[in-house]
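So the structure is just underneath, and the comments pick up after that.
There are 2 protein chains.
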Amino acid sequence: MPKPDVDPTVSLDLRVDRSSPVPLYFQLSQQLEAAIEHGTLTPGSLLGNEIELAARLGLSRPTVRQAIQSLVDKGLLVRRRGVGTQVVHSQVKRPLELSSLYDDLEAAGQRPATKVLVNTMVPASPAVAAALGVTEGGDVHRIERLRLAHGEPMAYLINHLPPGLLDLGTDQLEATGLYRLMRSAGITLHSARQSIGARGATAAEAERLAEAEGAPLLTMQRTTFDDTGRAVEFGDHTYRPSRYSFEFQLLVRP
Amino acid sequence: MPKPDVDPTVSLDLRVDRSSPVPLYFQLSQQLEAAIEHGTLTPGSLLGNEIELAARLGLSRPTVRQAIQSLVDKGLLVRRRGVGTQVVHSQVKRPLELSSLYDDLEAAGQRPATKVLVNTMVPASPAVAAALGVTEGGDVHRIERLRLAHGEPMAYLINHLPPGLLDLGTDQLEATGLYRLMRSAGITLHSARQSIGARGATAAEAERLAEAEGAPLLTMQRTTFDDTGRAVEFGDHTYRPSRYSFEFQLLVRP
DNA sequence: TAGTGGTCTAGACCACTGT
DNA sequence: CAGTGGTCTAGACCACTAG
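As you go down the protein sequences, you meet chains A and B in turn. Here full-length UniProt numbering is used: the first residue of the first sequence is 1, the next is one more, and so on. Here full-length UniProt numbering is used: the first residue of the second sequence is 1, the next is one more, and so on.
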């Protein structure tokens, strides 16, 4: 038999709604992604070829390719020339995102609490000025927050923001995360440069985080840029390693 | 004046070679990327519209779009509907890669040295078996390496690999990095799941890394997958934080 | 050799942006 | 309003892989 396996997408009831404002390729990619997530498309299975799929859905091949490509970019599918397109084996969860500690905690069901200890304007130090691309000594926002989970200190967060970007109400900062505030202010986060390290706690850090002096701390410094490349935030964070670690999935650039 | 600024790409001498096996969109994207890197295309400058660019190069618009899209994906360009395509402001270096400590050190000009301390087959522990997707107690490679820079210990690397994947010569492992060995064995690295944390050094770790017991260490655990989703490596690494930190750039998923 | 994805064309219409 | 990117079509030829 030339074709012992059947195209698994035929049993999928794929449909597109041409009256919808949602792009056709996006409708298709969402349905395929849902089928993969749901297990209807099993790992390793070969999708039928693009031409046939396009014909079956009444779409052009480039549109179908665009849908498939978006899933390849997400790491859910693999294309092999001369072979076909197949669902990636095993556990690919979500790719790396610009993670927010607040959202991480909330996703883990930890109901984070935030204490804002400092929320004021200060002259930019040389390091802050360099990171944010503002003039040294010019005004910048400075925020210091203690993040708690289950009533225990988890992280101490120092952030600097350029002036005029955002109204930073202390009550808002205690109710949600900084990234969420920026997004709802219309800022499109685009990229970030991060540095993750470790060091022993200073006396002041130990005090803040209820650790002993010299205890290991996890540190992160991050500069975040919006979609025009402008620096919108510079953070200097310390975490209690017993309470927090960085977990993420990377995709290799092809 | 309706058009005070000129299209900066006209002065760029963009050309494509249709006899080359290199795809046209790739030729174009490389030239644009080089111009951005080189500073010929300055941050914030607007590229001329796609139709005109396509006409000037004798390409179709989809081909030009494909070239531009690849640079948007890299974070070098931003498209705005109704506005145009512009070069991102400020410092966007390279996006996140699946970094190899060996390559990182070499790039920093540190000429890393590696001492292989263990290179053998062992039965898979429950954790290793789960990470690699092999049966518990089945044979797996175990490697332990001490990575040095300037003669000083920098990291202690424990790795497990599924059997039959790779010939692991101790001399090869001392001459280069594990990822490079895997790539040259035809393995296409695709994704990895990482966890970065910190903890105090145990007595054994302190001994290996020439640190004091309880000194802060930076830790990483990583499972790497190839392009079929198969786990090809599980690493458990400890770093001296005074000598190493993780630096990377993230792109936000749109 | 047959079938696959990879690339490319020459159009078209629409949605959004700024003036 | 004019100009931009966003989407889509209906083809075409090529390179690679497998049997």
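Glycine residues also receive a C-beta, built at the ideal position from the N, C-alpha and C atoms. In this text the structure is predicted, and so the values were computed from the model without any measurement.
Give every residue of the same chain whose Cβ lies closer than 8 Å to the Cβ of residue i, excluding the five residues on either side of it in the sequence, and list them in chain order.
{"i": "residue 124 (chain B)", "result": "132, 134, 135, 136, 137, 138, 139, 140, 160"}
{"i": "residue 120 (chain A)", "result": "141, 142"}
{"i": "residue 203 (chain A)", "result": "213"}
{"i": "residue 51 (chain A)", "result": "61"}
{"i": "residue 17 (chain A)", "result": "27"}
{"i": "residue 65 (chain A)", "result": "50"}
{"i": "residue 79 (chain A)", "result": "68, 72, 85"}
{"i": "residue 55 (chain A)", "result": "none"}
Using a Cβ-Cβ cutoff of less than 7 Å, which residues in the same chain neighbour residue i once the five nearest sequence positions on both sides are dropped?
{"i": "residue 150 (chain B)", "result": "110"}
{"i": "residue 105 (chain B)", "result": "112, 149"}
{"i": "residue 3 (chain A)", "result": "Bear in mind that the predicted position of residue 3 (chain A) carries a pLDDT of just 40, short of 50, making it too unreliable to give a figure here."}
{"i": "residue 176 (chain A)", "result": "102"}
{"i": "residue 9 (chain A)", "result": "47, 48, 53"}
{"i": "residue 122 (chain B)", "result": "140, 142"}
{"i": "residue 145 (chain B)", "result": "114, 115, 116, 117, 157, 173"}
{"i": "residue 88 (chain B)", "result": "43, 75, 76, 77, 78"}
{"i": "residue 312 (chain B)", "result": "For chain B, the structure presents residues 1 to 254; residue 312 (chain B) sits outside this window and is missing."}
Strictly by DSSP, which residues pair up with residue i?
{"i": "residue 143 (chain A)", "result": "A:119, A:159"}
{"i": "residue 219 (chain B)", "result": "B:197, B:238"}
{"i": "residue 224 (chain A)", "result": "A:192, A:233"}
{"i": "residue 149 (chain B)", "result": "B:152"}
{"i": "residue 249 (chain A)", "result": "B:193"}
{"i": "residue 114 (chain B)", "result": "B:147"}
Mind reading off the beta-carbon distance from residue i to residue j? Whole number of angstroms is fine, and I expect it under 8 Å.
{"i": "residue 238 (chain A)", "j": "residue 156 (chain A)", "result": "5 Å"}
{"i": "residue 192 (chain A)", "j": "residue 225 (chain A)", "result": "7 Å"}
{"i": "residue 217 (chain A)", "j": "residue 205 (chain A)", "result": "6 Å"}
{"i": "residue 49 (chain A)", "j": "residue 82 (chain A)", "result": "No, residue 49 (chain A) and residue 82 (chain A) are not in contact; Cβ-Cβ is about 11 Å, not under 8 Å."}
{"i": "residue 182 (chain B)", "j": "residue 232 (chain B)", "result": "6 Å"}
{"i": "residue 291 (chain A)", "j": "residue 220 (chain A)", "result": "Since the displayed chain A opens at 1 and closes at 254, residue 291 (chain A) lies outside it and no answer follows."}
{"i": "residue 114 (chain A)", "j": "residue 173 (chain A)", "result": "6 Å"}
{"i": "residue 47 (chain B)", "j": "residue 7 (chain B)", "result": "7 Å"}
{"i": "residue 77 (chain A)", "j": "residue 24 (chain A)", "result": "About 18 Å separates the two Cβ atoms, so there is no contact after all."}
{"i": "residue 179 (chain A)", "j": "residue 189 (chain A)", "result": "7 Å"}
Which same chain residues end up closer than 6 Å to residue i when comparing Cβ atoms and leaving out the 5 residues on each side of it in sequence?
{"i": "residue 170 (chain B)", "result": "116, 119"}
{"i": "residue 241 (chain B)", "result": "216, 218"}
{"i": "residue 70 (chain B)", "result": "29"}
{"i": "residue 243 (chain B)", "result": "154"}
{"i": "residue 166 (chain A)", "result": "185"}
{"i": "residue 222 (chain A)", "result": "192, 194, 235"}
{"i": "residue 12 (chain B)", "result": "35"}
{"i": "residue 211 (chain A)", "result": "201"}
{"i": "residue 22 (chain A)", "result": "none"}
Should residue i be listed as close to the ligand ZN, given that the test is whether its C-beta is under 8 Å from any heavy atom?
{"i": "residue 171 (chain B)", "result": "In the structure on display, the ligand ZN does not appear, and there are no ligands present to speak of."}
What are the residues in the stretch 195 to 207 of chain B lying within 8 Å of chain A by C-beta distance? 195, 196, 197, 198, 199, 200
Jot down the residue ranges of each uninterrupted beta strand (DSSP E) in the UniProt domain "HTH gntR-type" (22 to 90) of chain A, minimum 3 residues, whole runs only, in chain order. Whole beta strand (DSSP E) segments, 3+ residues: 77 to 80, 84 to 87.
Relative to chain A, which residues along the stretch 220 to 237 of chain B have a C-beta separation below 8 Å, given in chain order? 225, 227, 228, 229, 230, 231
Quick check for students: name the residue ranges of the alpha helix (DSSP H) that lie wholly in the stretch 179 to 215 of chain B, counting only runs of 4 or more. 203 to 209
Which residues of the stretch 60 to 82 of chain A have a Cβ closer than 9 Å to any Cβ of chain B? Give them in chain order. Cβ contacts with chain B come from 62, 73, 74, 75, 78, 80.
Residues of the stretch 160 to 192 of chain A whose Cβ lies closer than 7 Å to any Cβ of chain B, in chain order: Residues of the stretch 160 to 192 of chain A with a Cβ closer than 7 Å to any Cβ of chain B, in chain order: 189, 190, 191, 192.
Quick one, which residues of the stretch 36 to 54 of chain A are near chain B if we go by CB-CB under 8 Å, in chain order? 43, 44
Contacting positions in the stretch 4 to 34 of chain A - beta carbon closer than 7 Å to chain B: none
For the stretch 241 to 252 of chain A, which residues have a CB atom closer than 9 Å to at least one CB atom of chain B, in sequence order? 241, 242, 244, 245, 246, 247, 248, 249, 250, 251, 252
Using a Cβ-Cβ cutoff of 9 Å, what residues of the stretch 123 to 152 of chain A are near chain B? List them in chain order. 133
Closer than 7 Å between beta carbons: that is the criterion. Which residues of the stretch 108 to 121 of chain B meet it against chain A? Only those residues of the stretch 108 to 121 of chain B whose C-beta falls short of 7 Å from the nearest C-beta of chain A would be listed, and there are none.
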